[in-house]
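Asks: Note that numbering that gives the first Met the number 0 has the sequence shown beginning at 0, numbered continuously upward.
Provided herewith is a single structure, encoded as structure tokens, for subsequent inquiry.
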Amino acid sequence: MSLVHKNDICLNCRHFNNSPEYLESVYKGWKVLGSAYGSVCKDDGICDKLDEYLSAYDWCDGFEQADGSPVTA
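As structure tokens, then:
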């Protein structure tokens with residue numbers, strides 16, 4: 000089930016980082032397996048608050064809007 004309709008997901012959180020450059024710096028050797036630019040990664044990234052690799056469409060109670068604006072459900 001897709002949760003794209005939710006606004007308070009990792010993709011919109013200030014703790015979430017899914018830049019390919021960042022992922023490749025965190026996971027040394029990732030390029031050997033492919034690349035963080037690959038379609039398998041899609042929008043996945045790392046939550047700096049939880050220190051976990053997550054789907055961009057996950058969510059948790061630690062959500063903080065990336066741009067500082069309030070979340071609208």
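Just so you know, even glycine gets a beta-carbon here, dropped at the ideal spot from N, CA and C.
Model, not experiment: these values are computed from the prediction.
1) So residue 21 is in the alpha helix (DSSP H); what residue range does that whole segment cover?
2) Report the rounded CA-to-CA distance for residue 0 versus residue 52, giving the unit in angstroms.
3) In the structure shown, what three-state DSSP assignment does residue 11 receive?
4) Please go through the same chain and pick out, in chain order, the residues whose beta-carbon is closer than 6 Å to the beta-carbon of residue 61, but skip the five residues on each side of it.
5) Between which two residues does the beta strand (DSSP E) containing residue 46 stretch?
6) Which residues bound the beta strand (DSSP E) around residue 51?
Replies: Reading it off the structure:
1) Your numbering for residue 21 matches position 22 in the sequence shown. Segment 19-25, the alpha helix (DSSP H) holding residue 21.
2) Numbered from its first residue, the sequence shown carries residue 0 at position 1. Numbered from its first residue, the sequence shown carries residue 52 at position 53. With a pLDDT of only 44 at residue 0, under the threshold of 50, the placement of this residue in the model should not be trusted; the figure read from the coordinates follows. Going from the Cα of residue 0 to the Cα of residue 52 covers about 20 Å.
3) Numbered from its first residue, the sequence shown carries residue 11 at position 12. Residue state, collapsed to three classes: helix.
4) Along the sequence shown, read from residue 1 onward, the residue named residue 61 stands at position 62. Closer than 6 Å at the Cβ level, and outside the excluded window around residue 61, lie 48.
5) Here the question's residue 46 lines up with position 47 in the sequence shown. Run containing residue 46: 44-46, per the beta strand (DSSP E) assignment.
6) Mapped onto the sequence shown, residue 51 falls at position 52. Element bounds for residue 51: 51-53.
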